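This report concerns only the one structure given below.
Protein chains: 2
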Amino acid sequence: MVARYERIAAELRDDILGGAYPVGSQLPSEAELAARYSAARGTVRQAIAVLIAEGLIGSRQGARRVVLGNTPSQSFAELHSFAQWAKANGLRVGGRVISQTPRAARGAEAERLACGEVLEVLRLRTLEGEPVLIERTVYAGWIAPAVAALPPDCDSVTQALYDSVGLVFAYGEHLIDAVAAGASDARLLGVRRGSPLLRQRRITTTYEGRPVEWSDDRYRAGSVTFSIRNSIGSNPLVRQAGDLRLGD
Amino acid sequence: MVARYERIAAELRDDILGGAYPVGSQLPSEAELAARYSAARGTVRQAIAVLIAEGLIGSRQGARRVVLGNTPSQSFAELHSFAQWAKANGLRVGGRVISQTPRAARGAEAERLACGEVLEVLRLRTLEGEPVLIERTVYAGWIAPAVAALPPDCDSVTQALYDSVGLVFAYGEHLIDAVAAGASDARLLGVRRGSPLLRQRRITTTYEGRPVEWSDDRYRAGSVTFSIRNSIGSNPLVRQAGDLRLGD
DNA sequence: TATGGGAACTTGTACAAACAAGCCAGCCCT
DNA sequence: AGGGCTGGCTTGTTTGTACAAGTTCCCATA
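The listed protein sequences derive, respectively, from chains A and B. In this text, residue positions in the first sequence follow the working numbering: the first is 1, and each later residue adds one. In this text, residue positions in the second sequence follow the working numbering: the first is 1001, and each later residue adds one.
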């Protein structure tokens, strides 16, 4: 059973994406929408809040809401999981495990992952047959056995861990910057040493806030772009100066 | 007059940031908070929604809410305006206009900015005296006179335009990727040609959804990092494959 | 022709109530 | 000891109402 406000949000989203409300045009008033869907004003407001969070429409007190964009947004899983993102975009994904070594947590890892033993995995990922991503992932000790049991050519670790042990990657924190390719990066990705890579470092936790993994992902320049929409009063993405808390 | 739910959110945020609720611990129930603040449950829920959007706490039906982090988040202005971000972080910012040329809109610009005449500005920005950012900004014709009237060493264009003509940068869409430094990038930033740069392309609009500027900002690697927190069910940041809608 | 004041409209905030859905701990039974 | 179940707790959804605050636009006035 899907909530009412979600169905209303879906209908409005379809209208916007379908061109019924062009970019720059005004949405009907809350009262009008409430009447149209036979719902309370609060329910309509909840539906609209969803679209505002997606960046599709803008809102300010006193004025009618405005359509800001007409491109669909993606799900958390697609940001978090390379395979699920690729699949949702109709791209063919591949990859293999290069190395997989259990070891003791080093330096800040122990605190970051809240455990002493970790499993370090190095994966090379391909898109449409081309190598585009190097994943250096450190898994917390308590999930390491399930990770080690996965086949080396497993496309979606996220999906596999959910299927095998019911683990849900619920929250993530991501740091994005640019780095030069090191010797091993360059060899694996087939680029020159020193060429630009887009780096995404992330730490992922369960619903309870328990850390699951810490990863350093490096994309070949030109292969992937991150996109974000924001507005005054909502600020999901922030900048940080060079000296970073999660840095190493 | 600040809204009640914002004051409650601020108190809870202070509690979390101050360590009263450590990372991983549980928050009091809605009913408990409602009693403590003598507010309705709906109001408390609104306050909590703010903190969830900031990524400070996680929530799921049936279980107590959990503290996910204890680092403050920043404001939209700080993502959008280099100067305001630097200021908020206590960094000394400088910069100057390299060139400023009015011209006809080219290619996709006319559609993107919804105008025929544009003003192209090239700025070099410094942080703590070091050059870190090249800004290539194209302003829509209707705001060009106000931009041209600014002093060449103006630190915050965003602030200056608000002060002079009341313009508010309300919404933004950002694309983030990595590129190699070109010849002019390298010269201005004082790095070698081909060295990695973090690129942020963005388009900014007013409250009405009217495009104001289109910018290509390139940061020297290591100087700046973008950070984002997300969760299942909320997905502000997305990935895109190489072939981009806003690309050129 | 400008300009100021409103009136009507629209979104934001707050409260109250009821039910649905999911989680968790403790109890009971085997 | 272990497993299943139940009941209480907690968050999610929906409706209704009232007022506050901001925008827009028309109209009367200077």
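For every residue, glycine included, the Cβ atom is placed at its ideal position computed from N, Cα and C. Predicted model only: the values in this text are computed from it and were never measured.
| task | Go through its chain and collect everything with a Cβ distance to L1051/B's Cβ below 7 Å, but skip five positions before and after it. | result | Within the same chain, L1051/B has close Cβ partners A1009, L1012, R1013, I1057.
| query | So which of N89/A, R229/A, Q200/A has the shortest CA-CA distance to A221/A? | reply | The alpha carbon of A221/A has as its nearest neighbour, out of N89/A, R229/A, Q200/A, the alpha carbon of Q200/A.
| field | Reduced DSSP category for L1161/B - H, G, I as helix; E, B as strand; rest coil | value | Judged by DSSP in its simplified three-state form, L1161/B adopts helix.
| request: Leaving out five residues on either side along the sequence, give the residues of the same chain with a beta carbon under 6 Å from the beta carbon of R1202/B. | output: Closer than 6 Å at Cβ, skipping near neighbours: G1172, H1174, S1215.
| With DSSP run on the structure shown, which of helix, strand or coil describes T1205/B? | If DSSP states are grouped into helix, strand and coil, T1205/B belongs with the strands.
| Taking C-alpha atoms, which residue in G1069/B, S1227/B, L1188/B, A1140/B lies nearest to R1123/B? | Scanning G1069/B, S1227/B, L1188/B, A1140/B for the CA closest to the CA of R1123/B turns up L1188/B.
| Nearest-angstrom Cα distance between V1097/B and E135/A? | The straight-line gap from Cα to Cα measures roughly 40 Å.
| request: Compare the beta carbon distance of S1073/B and A170/A with 8 Å and say whether it is the shorter of the two. | output: In this structure, A170/A does not lie closer than 8 Å to S1073/B by Cβ.
| request: Mind listing, in chain order, the continuous alpha helix (DSSP H) runs of no fewer than 4 residues lying wholly within the stretch 52–108 of chain A? | output: Under the rule that a run must span 4 or more residues, the alpha helix (DSSP H) segments found entirely inside the stretch 52–108 of chain A read 76–80, 82–88.
| How many whole angstroms separate the CB atoms of L1197/B and A178/A, which I take to be in contact at a CB cut-off of 8 Å? | Taking a contact as a CB-CB distance under 8 Å, the pair L1197/B and A178/A counts as one, their CB atoms being some 6 Å apart.
| request: Please confirm whether V118/A and V147/A have their CB atoms less than 8 Å apart. | output: Contact flag unset, no.
| query | G1190/B and G194/A look like a contact to me (Cβ under 8 Å); what is the Cβ gap, rounded to whole Å? | reply | Distance from G1190/B to G194/A at the Cβ level is roughly 17 Å; contact not present, criterion being Cβ atoms closer than 8 Å.
| task | Verify the CB distance criterion: does L1188/B have a CB-CB separation below 8 Å to chain A? | result | The beta carbon of L1188/B sits no closer than 8 Å to any beta carbon of chain A.
| request: Could you tell me whether any Cβ in chain A is nearer than 8 Å to the Cβ of R1257/B? | output: With chain B covering 1001 to 1248 only, the question about residue 1257/B has no answer from this structure.
| Can you find a C-beta in chain B that's less than 8 Å from the C-beta of S38/A? | So, not an interface residue.
| request: Express the C-alpha separation of P1028/B and D1015/B in angstroms, rounding to a whole number. | output: Straight through space, the alpha carbons of P1028/B and D1015/B are spaced by roughly 12 Å.
| message | Taking a contact to mean a Cβ-Cβ separation below 8 Å, would you say E1128/B touches R1103/B in this structure? | response | In this structure, E1128/B keeps its C-beta atom at 8 Å or more from the C-beta atom of R1103/B.
| message | Between D1015/B and chain A, is the shortest Cβ-Cβ distance under 8 Å, so that the two count as touching? | response | No, no contact with chain A.
| query | Name the chain B residues whose beta carbon is nearer than 8 Å to that of V66/A? | reply | Near V66/A (Cβ distances below 8 Å), the residues of chain B are Y1207, E1208, G1209.
| task | Given a cut-off of 8 Å, decide if Y1021/B and A1047/B are closer than it, judged by their beta-carbon atoms. | result | Going by C-beta atoms, A1047/B is not nearer than 8 Å to Y1021/B.
| said: Here's the rule: buried if 16 or more other CB atoms are within 10 angstroms of the residue's CB, otherwise exposed. What is S38/A? | reply: Burial state of S38/A is exposed, judged by a 10 Å Cβ sphere holding fewer than 16 other Cβ atoms.
| request: Indicate whether the contact test is met: 3 or more Cβ pairs, each with one atom in the stretch 1147–1156 of chain B and one in the stretch 1084–1099 of chain B, closer than 8 Å. | output: The stretch 1147–1156 of chain B, when compared against the stretch 1084–1099 of chain B, does touch it at the 8 Å Cβ threshold.
| query | Is N230/A close to chain B, meaning its C-beta is less than 8 Å from at least one C-beta of that chain? | reply | So, interface residue.
| field | Contacts of E1109/B in chain A (Cβ-Cβ under 8 Å) | value | Within chain A, no residue comes near E1109/B; the closest Cβ sits about 16 Å away, beyond 8 Å.
| Contacting residues, own chain, Cβ-Cβ under 8 Å from P131/A (five flanking each side not counted) | If you ignore the 5 residues before and after P131/A, its C-beta comes within less than 8 Å of the C-beta of L124, R125, L188, L189, G190, R220, all in its own chain and listed in chain order.
| Secondary structure of R1218/B, DSSP reduced to three states | DSSP places R1218/B in the strand class (E or B) of the three-state scheme.
| task | Please list, in chain order, all residues of the same chain as H80/A whose beta carbon is under 6 Å from its beta carbon, the five residues on each side excluded. | result | Only F169, G172 meet the Cβ criterion.
| Taking Cβ-Cβ distances shorter than 7 Å, what residues in chain B pair up with I176/A? | Residues of chain B with a Cβ closer than 7 Å to the Cβ of I176/A are, in chain order, I1176, T1225, F1226.
| request: Would you tell me roughly how many angstroms separate the C-alpha atoms of G1247/B and T1206/B, rounded to the nearest one? | output: Only weak support is given to the placement of G1247/B: the predicted model assigns it a pLDDT of 36, under 50, and the question is left unresolved by the model.
| said: Tell me the residue span of the alpha helix (DSSP H) that contains Y5/A. | reply: Start and end: 4–17.
| Between the C-alpha atoms of S223/A and E78/A, what's the straight-line distance to the nearest angstrom? | Pairing S223/A with E78/A, the inter-Cα distance amounts to about 16 Å.
| field | Which of helix, strand or coil DSSP assigns to D248/A | value | Only weak support is given to the placement of D248/A: the predicted model assigns it a pLDDT of 42, under 50, and the value that follows is read from those uncertain coordinates. DSSP places D248/A in the coil class of the three-state scheme, outside both helix and strand.
| task | With DSSP as the reference, please indicate the residues paired to E1117/B in a beta bridge. | result | BP columns for E1117/B point to A1104/B.
| Do we get a CB-CB distance below 8 Å when we pair A180/A with the residues of chain B? | It does: the Cβ of A180/A has a partner Cβ on chain B nearer than 8 Å.
| Based on the DSSP secondary-structure assignment, which residues constitute the bridge partners of S1038/B? | The partner list for S1038/B (beta bridge, DSSP) is empty, contrary to what the question assumes.
| task | Using a threshold of 8 Å, state whether the C-beta atoms of L1091/B and D1217/B are closer than that. | result | Their beta carbons are not under 8 Å apart, which means L1091/B does not touch D1217/B by this criterion.
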